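Before any comments, here is the structure.
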Amino acid sequence: MLFRKDKTLLGLNIGSGYVKLVELKGSGSVYTLNNFGMAALPADAIVDGTVMDTTAIVSAIVNLAANLKIKKKRICTSISGHSVIVKKITLPLMDENTIEETIHQEATQHIPYDINDVNLDFQILGPNQTNPENMDVILVAVKKETINDYLLLVEDAGFVPVVVDVDTFALENSYEYNYEGEDKKIIALVDIGANLTCITILDEGVTCFSRNITSGSRLITEQLQKKFSLNYENAELLKMGCANSSKTKGTDALSAINEAAFSIVNEIGKAIDFFHNSAMTEGRVEKIILSGGGAKTPNIVQSITKNTNIETEIIDPFRNIIISEKQFDLEYIKTIAPMAAVATGLALRKDEAVR
Ligand SMILES: Nc1ncnc2c1ncn2[C@@H]1O[C@H](COP(=O)(O)OP(=O)(O)OP(=O)(O)O)[C@@H](O)[C@H]1O
Ligand SMILES: [Mg+2]
Numbered sequence: 023m024l025f026r027k028d029k030t031l032l033g034l035n036i037g038s039g040y041v042k043l044v045e046l047k048g049s050g051s052v053y054t055l056n057n058f059g060m061a062a063l064p065a066d067a068i069v070d071g072t073v074m075d076t077t078a079i080v081s082a083i084v085n086l087a088a089n090l091k092i093k094k095k096r097i098c099t100s101i102s103g104h105s106v107i108v109k110k111i112t113l114p115l116m117d118e119n120t121i122e123e124t125i126h127q128e129a130t131q132h133i134p135y136d137i138n139d140v141n142l143d144f145q146i147l148g149p150n151q152t153n154p155e156n157m158d159v160i161l162v163a164v165k166k167e168t169i170n171d172y173l174l175l176v177e178d179a180g181f182v183p184v185v186v187d188v189d190t191f192a193l194e195n196s197y198e199y200n201y202e203g204e205d206k207k208i209i210a211l212v213d214i215g216a217n218l219t220c221i222t223i224l225d226e227g228v229t230c231f232s233r234n235i236t237s238g239s240r241l242i243t244e245q246l247q248k249k250f251s252l253n254y255e256n257a258e259l260l261k262m263g264c265a266n267s268s269k270t271k272g273t274d275a276l277s278a279i280n281e282a283a284f285s286i287v288n289e290i291g292k293a294i295d296f297f298h299n300s301a302m303t304e305g306r307v308e309k310i311i312l313s314g315g316g317a318k319t320p321n322i323v324q325s326i327t328k329n330t331n332i333e334t335e336i337i338d339p340f341r342n343i344i345i346s347e348k349q350f351d352l353e354y355i356k357t358i359a360p361m362a363a364v365a366t367g368l369a370l371r372k373d374e375a376v377r
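Per my numbering: the sequence shown = residues 23 to 377.
Written out as structure tokens, the structure reads:
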């Protein structure tokens, strides 16, 4: 081939706090960052994973893409929250075709929604460890209505939605690409977003446990609002100021942040305990990888390490991605890195239509 076609899609992560866009260049195994940007959304634009204010989100995407001078049209985006259910189930041994025929029936027992309202997908993990006549399967159900809402958002913003993924799968993708060859067997990916915290446990790279906690870093902002009678914007600034300066003026603010964060830390610990106590595996989580803006909360790494007794670190979604010093402010990229993890995982998806 004379010309290498660019096989990447634009990664668009529509979070409830920020919209993030990542564009990579490359095909094969080496990628270069071509574009990155994020834009804040009004607090009520996405509530509990549901699109509430289409206009605000569309204009945030349009403006962001214009500022970044994005030319590419084909997008990979993702969904999270209660519209997505990822569950490990056990089925009698059967081939893939038989599962396809029976998965609807099976799913009715595991999904709290009308089965006609969701898109189903599955992945066979392999024989069950305790009963070899059974096998483990990962069941994925996503509400059709939510997929539609996200497709419309992307189209309204003038882009072509090619793939609608799931946030946590994109995060897995990002981790796999950047941490290839890590020797840890069981790791927990913990994404602390604005309104949602997602815990995904990978056993040799395969999801074996998944849980959402329905609060995130915004809880901390709200706590600061209450405690210091601030509006949302000023409380956000206070939170970020505390995160960014080691010598904080407001010790009160710092302790309020730590207090508010503790409930999230505690829930993370409980979810991991639940995983350890369930019969799912003998193994234990060897490392926690934090992502999302909540990973930037002061003291949160230490707090999670202390609570769980598990080594914890913040993800670097650009670890194996080439970033030109001429094109980007590396300090800025380092600062926002944990928030870019999902979008980077999306941007790493191949455009199957381009051959
Ligand atoms: N420097 C910082 N210090 C503390 N918190 C921060 C900092 N930067 C961002 N945050 C917080 O991180 C959150 C945004 O993180 P992120 O972009 O991962 O969320 P999101 O993907 O938009 O939300 P969700 O996934 O919950 O829908 C906001 O609540 C913001 O206040
Ligand atoms: Mg998010």
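Glycine included, each C-beta is placed from N, C-alpha and C at the ideal position.
Here the structure is a predicted model, which means the values were calculated and not measured.
Rounded distance between the beta-carbons of residue 366 and residue 106, thought under 8 Å: The C-beta distance from residue 106 to residue 366 rounds to 19 Å, too long to fall under 8 Å, and the pair is not in contact.
Sequence-distant residues of its chain with Cβ nearer than 7 Å to residue 282 (five each side left out): Hits under 7 Å: 241, 242 and 245.
Assigned secondary structure, residue 226 (DSSP; H/G/I helix, E/B strand, else coil): DSSP places residue 226 in coil when its eight states are reduced to three.
Residues that residue 98 bridges to, as DSSP identifies them: 33 and 185.
Residue 364 beta carbon near ligand 2 (any heavy atom closer than 7 Å): Residue 364: yes, Cβ under 7 Å from ligand 2.
Pairwise C-alpha distance: residue 204 and residue 188: Whole-angstrom Cα-Cα distance: 24 Å.
Residue 250: first and last residue of the uninterrupted alpha helix (DSSP H) it sits in: Segment 239-250, the alpha helix (DSSP H) holding residue 250.
CB of residue 73 within 8 Å of CB of residue 175, strictly: Note that the C-beta distance between residue 73 and residue 175 is below 8 Å.
Range covered by the alpha helix (DSSP H) that runs through residue 88: From DSSP, the alpha helix (DSSP H) with residue 88 extends over 76-89.
Reference residue 327; option with closest CA among 284, 133 and 257: With distances taken between CA atoms, residue 327 lies nearest to 284 out of 284, 133 and 257.
Spatial neighbours of residue 373 in its chain, beta-carbon cut-off 7 Å, leaving aside the 5 residues before and after: In its chain, beyond the 5 residues on either side, 29, 30, 31, 96 and 184 have a beta carbon closer than 7 Å to the beta carbon of residue 373.
Residue burial classification, residue 40 (beta-carbon count within 10 angstroms, cutoff 16): Counting Cβ neighbours within 10 Å, residue 40 comes out buried, since at least 16 surround it.
Simplified DSSP state of residue 284, which is helix, strand or coil: Helix, per DSSP.
Heavy atom of ligand 1 within 7 Å of residue 233 beta-carbon: Residue 233 Cβ: outside cutoff for every heavy atom of ligand 1.
Proximity winner among 166, 76, 110 and 42, relative to residue 300 (alpha-carbon distances): Shortest Cα-Cα distance from residue 300 to any of 166, 76, 110 and 42 involves 110.
Three-pair Cβ contact test at 8 Å for the stretch 168-182 versus the stretch 319-335: Cβ pair count under 8 Å is below three, so no.
Test item: CB-CB of residue 217 and residue 237 under 8 Å: Yes. Within cutoff.
When 36, 163 and 147 are compared against residue 139, the one with the closest alpha-carbon: Here the closest residue by C-alpha is 163.
Close-in-space but distant-in-sequence residues of the same chain around residue 270 (CB under 7 Å, 5 per side omitted): Its pLDDT being 49, under 50, residue 270 is placed unreliably in this model, and the value from its coordinates should be taken loosely. These residues qualify, in order along the chain: 264 and 276.
Distance between residue 228 and residue 291 (C-alpha atoms, nearest Å): Between the alpha carbons of residue 291 and residue 228 lies a gap of roughly 21 Å.
Sub-8 Å separation of residue 63 and residue 56 beta-carbons: Between residue 63 and residue 56, the C-beta spacing is not below 8 Å.
Entirely enclosed alpha helix (DSSP H) segments - the stretch 311-370, minimum 4 residues: If we require 4 residues or more, the alpha helix (DSSP H) runs fully inside the stretch 311-370 come out as 322-330, 352-358 and 363-369.
Inter-stretch contact at 8 Å, needing at least 3 Cβ pairs: the stretch 124-133 / the stretch 70-85: No contact exists between the stretch 124-133 and the stretch 70-85.
Classification of residue 58 by the beta-carbon crowding that lies within 10 angstroms, buried from 16 upward: Residue 58 comes out buried.
Neighbourhood of ligand 2 [Cβ distance below 5 Å to any heavy atom], ordered by chain position: Chain-ordered, the residues whose CB falls short of 5 Å from any heavy atom of ligand 2 come out as 37 and 215.
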